[in-house]
Structures are given as structure tokens and as C-alpha cells.
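Here is the structure we will look at, set down as C-alpha cells.
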Amino acid sequence: TTTTTTTTKSKGTGARRMSSATRRKLLHTYGIPAHEILKAENEIRALREQQQQEEKEEKDRKIRGRTKRALQSFKRALQRSFSPEHYLLFSRSFTEIPAELYIPASA
Numbered sequence: 004t005t006t007t008t009t010t011t012k013s014k015g016t017g018a019r020r021m022s023s024a025t026r027r028k029l030l031h032t033y034g035i036p037a038h039e040i041l042k043a044e045n046e047i048r049a050l051r052e053q054q055q056q057e058e059k060e061e062k063d064r065k066i067r068g069r070t071k072r073a074l075q076s077f078k079r080a081l082q083r084s085f086s087p088e089h090y091l092l093f094s095r096s097f098t099e100i101p102a103e104l105y106i107p108a109s110a
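Residue numbering for the sequence shown follows the working numbering, beginning at 4 and increasing consecutively.
Here it is, written out as C-alpha cells:
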């Protein structure tokens with residue numbers, strides 16, 4: 004007894020929800036065997052789970068991309084802030100840049 008619902012067209016009121024038990028009874032009255040109904044329900048359940056998994060993976064992929072871009076931007080900002088050129092351009096009091104300020108450029 005699952006609680007999935009589907010919609011049917013009702014006269015003048017739009018779509019109405021139909022419980023899985025009602026849907027099974029209706030299909031059974033049209034001569035569809037119970038094992039076929041159960042098989043179809045299992046197929047639909049598997050398809051929905053697969054679709055939800057794909058949507059979750061796509062959402063995670065977007066979040067990873069945004070996070071990666073934000074970290075790259077932050078890294079570039081730090082590299083610019085601590086670069087020797089920054090001290091030359093924005094601080095006129097330095098005549099020579101101390102060796103400690105040089106940050107090796109790593110990948």
C-alpha cells in the first residue's frame with residue numbers, strides 16, 4: 004500500500020489527486036492484472052529515484068563550481084594583496100622589497 008498519487012481530469016474542476024489504491028482498483032476493473040500494476044509502479048518508482056539522483060548530482064555540480072570559482076577569486080585577491088608589485092604601487096616608502104615578501108608562485 005503505497006501513498007503515491009496521480010491526477011485525473013474531472014469535469015470543470017481541473018485535475019484531482021488519485022491515491023495509488025484508487026488507481027489500482029480502477030486499472031483492475033479494466034482487466035489489468037495486479038502483477039502488471041505492481042511492476043509498472045516499481046518501474047515508475049525507479050525512474051523517479053533516478054531522476055531525483057540526477058537532479059541532486061546537477062545541483063551538487065553547480066554548488067561545487069560556484070565554490071571553486073569563489074575560492075579561486077579569493078586566492079587571486081590574496082595573491083594580488085601580497086604581491087611585491089602591490090607594495091611598490093601603493094606604498095612609496097619602500098625603496099627595496101624585503102625578500103620575505105616574495106611568495107613563490109605555486110599552482
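Don't be surprised by glycine CBs; every beta carbon is placed ideally from N, CA and C. Computed from a prediction, not measured in an experiment: that's the story for all the values here.
Three or more Cβ pairs closer than 8 Å define a contact, and the region 47-57 falls short of that threshold against the region 68-78.
Within the region 26-90, the alpha helix (DSSP H) runs of at least 4 residues that lie entirely inside it are, in chain order, 37-84. In the three-state reduction of the DSSP assignment, Ser23 falls in the helix class, which pools H, G and I. Inclusion of Ile40 and Arg27 in the CB contact set at 7 Å is warranted, their separation being smaller than that value.
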